[in-house]
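Below you'll find the structure, written out as structure tokens, and then a few comments.
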Amino acid sequence: MVSLHRVMVFSFSKPNAHCMTSMGLHVRDRWPRVIPKCTGSSTSYSSVSSKSPDLVELEYADLQLKPLYAASDIGHVRIRQHVNPLSSSFSAPVQPPNWKEIFKDCTLPLMVDIGCGSGRFLIWLAKNSPLHRNYLGLEIRRKLVTRSQFWVKELGLQNIHFMFANVNVSFEQIVSTYPGSLSFVSILCPDPHFKRRNHKRRVVQKPLVDSISKNLCVGGQVLIQSDVHAVALDMRNAFDAYTDVFEHVDHIDPSFSCDSEGWLQCNPMGIRTEREIHAELEGAIIYRRMYQKTRHCV
200 MVSLHRVMVF SFSKPNAHCM TSMGLHVRDR WPRVIPKCTG SSTSYSSVSS KSPDLVELEY
260 ADLQLKPLYA ASDIGHVRIR QHVNPLSSSF SAPVQPPNWK EIFKDCTLPL MVDIGCGSGR
320 FLIWLAKNSP LHRNYLGLEI RRKLVTRSQF WVKELGLQNI HFMFANVNVS FEQIVSTYPG
380 SLSFVSILCP DPHFKRRNHK RRVVQKPLVD SISKNLCVGG QVLIQSDVHA VALDMRNAFD
440 AYTDVFEHVD HIDPSFSCDS EGWLQCNPMG IRTEREIHAE LEGAIIYRRM YQKTRHCV
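Per our numbering, residue 200 is the first one in the sequence shown, and the count goes up by one each step.
Listed below in structure tokens is the structure:
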């Protein structure tokens, strides 16, 4: 029988350091800066927008990516903020990679970040935990993938890879071939697709949750997060429906504190995504849930 306490915490956040030690994980003694809970802002939108890039650079200063921005046209990428994943241009499944070619050790547990955006968040995790996990970023905007892979190559990281993929088409085909275990899935601030007629474009759909529940190892975790309450609630309802497979982490480990509505009160990762930085600067609330797989799918 799997000991849930021992497989539970993947977090880089300081409150859960004792759990990482019990798992044999080692991270830097230097913890990241404290992430404040934003309670609101009286700053004008234009001022907030101008500060956001600087705060992103500060948050990810350890990566030292700024000197790479001048490399041809890769440094500064202009992209569409939202794309239609139902478009025929995204309907073809992608082939899984040769895992032995992209990872130094393809037997390590795998974290998949769905909708990884610029990739900074995942690169930070990979750089700060190079020996205990592999990282795969899946993104539907090809230019971002190209730049992320360029950064990975320049940084010399061998435990991280980025792929262009529509996860609702290719997730199962990709992760089911991985030689090691799928131990963590993150879906952080996905495209909201606000209009009701476009809700079917949202990334968290039942087939994706089915695939995650099937491929995730027992004890593996799923983190969902959004600064849009309706989107966060939509994702929450999708995973809450799998009570025979998933439990919310605060039911297993009381050190994960939730508010009265069941949302995690703290960022468990130790680093914020770029969208999270922008949203908190604008005074938004970040809604989070983390699930743990407690039993195999029937």
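Built from N, CA and C at the ideal position, the CB exists for glycine as well.
| query | result |
| --- | --- |
| beta-carbon A260 near the ligand ATP non-hydrogen atom, thresh 6 Å | Of ligands this structure carries none, so the ligand ATP is not represented either. |
| Same chain, Cβ closer than 7 Å to T306, five either side skipped, listed in chain order | P378 and G379 |
| Per-residue burial, T376 [other beta carbons within 10 Å of its own, 16 or more giving buried] | exposed |
| N- and C-terminal bounds of the beta strand (DSSP E) containing D499 | Nothing can be reported for residue 499: it is not among the residues displayed for the chain, which extend from 200 to 497. |
| Closest Cα partner of L324 within the set E300, R341 and F383 | F383 |
| Contact set for C496: own chain, Cβ-Cβ below 6 Å, skip 5 residues either direction | S412, K413 and V444 |
| Buried versus exposed, by CB contacts within 10 Å (16 or more), T442 | exposed |
| Alpha carbon of P467 to alpha carbon of R488, nearest angstrom | 10 Å |
| Candidates G418, Y334, S251 and C315, of which the one nearest T493 by Cα | G418 |
| S425, buried or exposed, once every other Cβ within 10 Å from all chains shown has been counted against 16 | buried |
| Every unbroken beta strand (DSSP E) within the region 402-453, with a cutoff of 3 residues, ordered by chain | 415-425 and 445-447 |
| Exposure label - G482; buried when at least 16 CB within 10 Å | exposed |
| Where Y259 falls, given that 16 or more other Cβ within 10 Å makes a residue buried | buried |
| Buried/exposed call for K326, threshold 16 Cβ in 10 Å | buried |
| Collapsed DSSP secondary structure at K352 in the structure displayed | helix |
| C-alpha gap between I470 and D261, whole angstroms | 11 Å |
| Length of the line joining the Cα atoms of Y490 and L422 | 6 Å |
| The region 386-396 touching the region 445-463, judged by at least three CB pairs closer than 8 Å | no |
| Identity of the residue in I313, I359, E338 and L257 nearest E328 by Cα | According to the sequence as given, residue 328 is Ser; it is not Glu. Checking every option, the nearest Cα to that of S328 belongs to I359. |
| Per DSSP, cross-strand counterpart(s) of Q491 | Q420 and E446 |
| Nearest-angstrom Cβ-Cβ length linking L343 and G314, presumed shorter than 8 Å | Not quite, the Cβ-Cβ distance comes to about 10 Å (not below 8 Å), so this is no contact. |
| Chain-order list of residues whose beta-carbon lies under 8 Å from that of M362 (same chain, five-residue window excluded) | V293, P296, L335, G336, L337, E338, V344 and I373 |
| Identified DSSP bridge partners for E338 | F363 |
| DSSP three-state assignment for V374, whether helix, strand or coil | helix |
| CB of M310 within 7 Å of CB of R332, strictly | yes |
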